[in-house]
Amino acid sequence: MWIKVLDISPKEGTMVATTLDGIKVFVTMNNGFLYAAENRCPHEDIELTLGCIKGNRVKCSLHGYSFDLATGDSSEEYVDNMKTYIVKQKNNEIYIKVP
Ligand code: FES
169 MWIKVLDISP KEGTMVATTL DGIKVFVTMN NGFLYAAENR CPHEDIELTL
219 GCIKGNRVKC SLHGYSFDLA TGDSSEEYVD NMKTYIVKQK NNEIYIKVP
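Residue numbering for the sequence shown follows this note's numbering, beginning at 169 and increasing consecutively.
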C-alpha cells in the first residue's frame, strides 16, 4: 500500500520532514533520485534533517556519522543502519510504500 506523505517534490539536495503513520520521516531528492528514510539518527535519536546531504549520504549534525540514502548503511559498524523506505512521485505528490 502506498501512503501520500507530501504534496510537493523536494528540491534537489534538500530534506523535507514529514510523517508516515505518526513516524517522523524525511524525503530528499539527490542527483535526480528520490529517497525516504526515518527522520531519526540510530545513534542518539536526533532528527537527521538537522544534518546535511553529502554525496549519497545523510550526515548527522550531532556526531557526524552518516547513512547511505539508498540502503541506510551506517558509516560506523557499532551504529545501527538508518531505516529507509521505498518512495515514488506521482505528479507532485510523494508516496511511501508500506507493507
Ligand atoms: S546522534 Fe547522530 S551521529 Fe550521534
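For glycine and all other residues, C-beta sits at the position ideal for the given N, C-alpha and C. None of the values given here were measured: they were computed from a predicted structure.
When DSSP states are grouped into helix, strand and coil, residue 202 belongs to the strand group.
Counting of Cβ neighbours within 10 angstroms places residue 243 among the exposed residues, the total staying below 16. In terms of side-chain proximity, the C-beta atom of residue 237 is found no nearer than 7 Å to any non-hydrogen atom of ligand 1.
Between the beta-carbon of residue 187 and that of residue 195 there is about 11 Å, and that puts the pair past the 8 Å contact cut.
Residue 190 has its Cβ no nearer than 7 Å to any heavy atom of ligand 1. A Cβ-Cβ separation of about 6 Å places residue 171 in contact with residue 266 under the 8 Å criterion. Here the alpha carbons of residue 231 and residue 260 stand approximately 34 Å from one another.
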